[in-house]
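Q: This is the structure I have questions about; it appears just below.
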Amino acid sequence: MRTIGLLGGMSWESTALYYRTANELVRERLGGLASASVLVRSLDFRAVRELQVQDRWDDAAALLATEARTLQDAGADLVLLCTNYMHRVAPAVEAALTVPFLHIADPVAAAAPGLTVGLLGTAGTVRGPFLRERLAGAGLTVLVPPDDDVDRVDAAIFGELCRGVLSDATRADLRAVVRRLADRGADAVALCCTELELLLGPGDSPVPLLPSARLHVTAAVDAALAPRPAVV
Numbered sequence: 713m714r715t716i717g718l719l720g721g722m723s724w725e726s727t728a729l730y731y732r733t734a735n736e737l738v739r740e741r742l743g744g745l746a747s748a749s750v751l752v753r754s755l756d757f758r759a760v761r762e763l764q765v766q767d768r769w770d771d772a773a774a775l776l777a778t779e780a781r782t783l784q785d786a787g788a789d790l791v792l793l794c795t796n797y798m799h800r801v802a803p804a805v806e807a808a809l810t811v812p813f814l815h816i817a818d819p820v821a822a823a824a825p826g827l828t829v830g831l832l833g834t835a836g837t838v839r840g841p842f843l844r845e846r847l848a849g850a851g852l853t854v855l856v857p858p859d860d861d862v863d864r865v866d867a868a869i870f871g872e873l874c875r876g877v878l879s880d881a882t883r884a885d886l887r888a889v890v891r892r893l894a895d896r897g898a899d900a901v902a903l904c905c906t907e908l909e910l911l912l913g914p915g916d917s918p919v920p921l922l923p924s925a926r927l928h929v930t931a932a933v934d935a936a937l938a939p940r941p942a943v944v
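If you read the sequence shown in the numbering used here, its first letter stands for residue 713, the second for the next number, and so on.
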């Protein structure tokens, strides 16, 4: 089994979801007492959030590249960045590594080939090009919510979900956002903030939901358990 490196803490609420899901998947596949081989580097989200708010993306890129390399040096055979928004600096993280870097958009795109997909996430993720362009480059048509819905989702993420607050009122608000995307023609809705999976599930949407964190960690487990090439 290869060792999965999780670069997380942004927020730790969703990083815990990554860790639990990886272990559940390995146990389902291998049975018995099997669990995943995982290294976790959990950052102080307060410091990372300050870099986001201050638009210090070069500093954020340098920080995450260094931490990703720390995971590799500790023995990770592949590395995941456990946050959609910080994939804005994914090129710098990938460039710092010699082991595979699994981009979060790729398993999302693979789960919805050729579909029209509504995009939910932080305001920076939805309004920025880095995730939309990667999804579109994989053949998806991407719909984004109107500005008031983008702001509504962003406030829920940073004001509640990243703080461990899960409320029925916010779930109802997010369900309405999802429904409006479906009404506009989305065949599926991509939950491209890992915290959204803490509140929304299949029963909250009239169309399939694409849970980016679960899809991301499933791809990592696939890679971790794939047969190694034969040595000739």
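Note that the Cβ used here is the ideal one computed from N, Cα and C, for glycine as well.
Please state the DSSP three-state secondary structure of Ser917.
A: Ser917 falls in the coil class under three-state DSSP.
Q: Going by the beta-carbon positions, is the gap between Val738 and Ala746 smaller than 8 Å?
A: In this structure, Ala746 lies closer than 8 Å to Val738 by Cβ.
Q: How about the region 815-829 and the region 915-931: do they share at least three Cβ pairs that are nearer than 8 Å?
A: These segments touch.
Q: Is the beta carbon of Gly717 sitting closer than 8 Å to the one on Ala788?
A: Yes.
Q: Span of the beta strand (DSSP E) holding Ile716?
A: Taken as a continuous stretch (DSSP letters only), the beta strand (DSSP E) holding Ile716 covers 716-720.
Q: Secondary structure at Leu847, three-state DSSP: helix, strand or coil?
A: Three-state result, Leu847: helix.
Q: By DSSP, does Val877 sit in helix, in strand, or in coil?
A: Three-state result, Val877: coil.
Q: Report buried or exposed for Gly836, applying the criterion of at least 16 other Cβ atoms within 10 angstroms of its Cβ.
A: So Gly836 counts as buried.
Q: Which first and last residues belong to the beta strand (DSSP E) in which Thr853 is found?
A: Run containing Thr853: 853-855, per the beta strand (DSSP E) assignment.
Q: Going by C-alpha distance, which of Asp885, Arg926, Arg883, Ala884 is nearest Ala902?
A: Checked all of Asp885, Arg926, Arg883, Ala884; the closest Cα to Ala902 is Arg926.
Q: So, helix, strand or coil for Leu809, using DSSP?
A: Residue state, collapsed to three classes: coil.
Q: Report buried or exposed for Leu878, applying the criterion of at least 16 other Cβ atoms within 10 angstroms of its Cβ.
A: Leu878 is exposed by the Cβ-count criterion.
Q: Tell me which same chain residues have a C-beta within less than 6 Å of the C-beta of Gly861, skipping the five on either side of it?
A: Reading off the sequence, residue 861 comes out as Asp, not Gly. Val889.
Q: With DSSP as the reference, identify every bridge partner of Leu790, one or two as the case may be.
A: Leu790 pairs with Ile716.
Q: Tell me, which residues are paired with Ala902 by DSSP?
A: Its beta-bridge partners are Leu831, Leu922.
Q: Given a threshold of 16 other Cβ atoms within 10 Å of its Cβ, counted over all protein chains shown, does Thr906 qualify as buried or as exposed?
A: Its Cβ being crowded by 16 or more others within 10 Å, Thr906 is buried.
Q: Assuming His799 and Phe757 form a contact by the criterion Cβ under 8 Å, report the distance between their Cβ atoms to the nearest whole angstrom.
A: About 16 Å separates the two Cβ atoms, so there is no contact after all.
Q: Reducing DSSP to helix, strand and coil, say where Ser726 ends up.
A: It is helical.
Q: Going along the chain, which residues of its own chain have a beta-carbon closer than 7 Å to the beta-carbon of Trp769, five neighbours each way excluded?
A: Excluding sequence neighbours, Trp769 sits near Arg800, Val801.
Q: Sort Arg839, Pro819, Pro939, Asp859 by Cα distance to Ala931 and report the nearest one.
A: Nearest option by C-alpha distance: Pro819.
Q: Tell me which residues share the same chain as Arg844 and place their Cβ nearer than 7 Å to its Cβ, disregarding the 5 neighbours each side in the sequence.
A: Leu831, Val854, listed in sequence order.
Q: Are the beta-carbon atoms of Ala936 and Ala786 separated by less than 8 Å?
A: No, the pair does not count as a contact, with Cβ atoms beyond the cut-off.
Q: Count the CB pairs spanning the region 790-798 and the region 719-736 that are closer than 8 Å, and state whether there are at least three.
A: The answer is yes - the region 719-736 touches the region 790-798, with three or more Cβ pairs under 8 Å.
Q: Short of 6 Å in beta carbon distance, which residues of its chain neighbour Ala850, apart from the five on each side in sequence? Order them along the chain.
A: Closer than 6 Å at Cβ, skipping near neighbours: Ala821.
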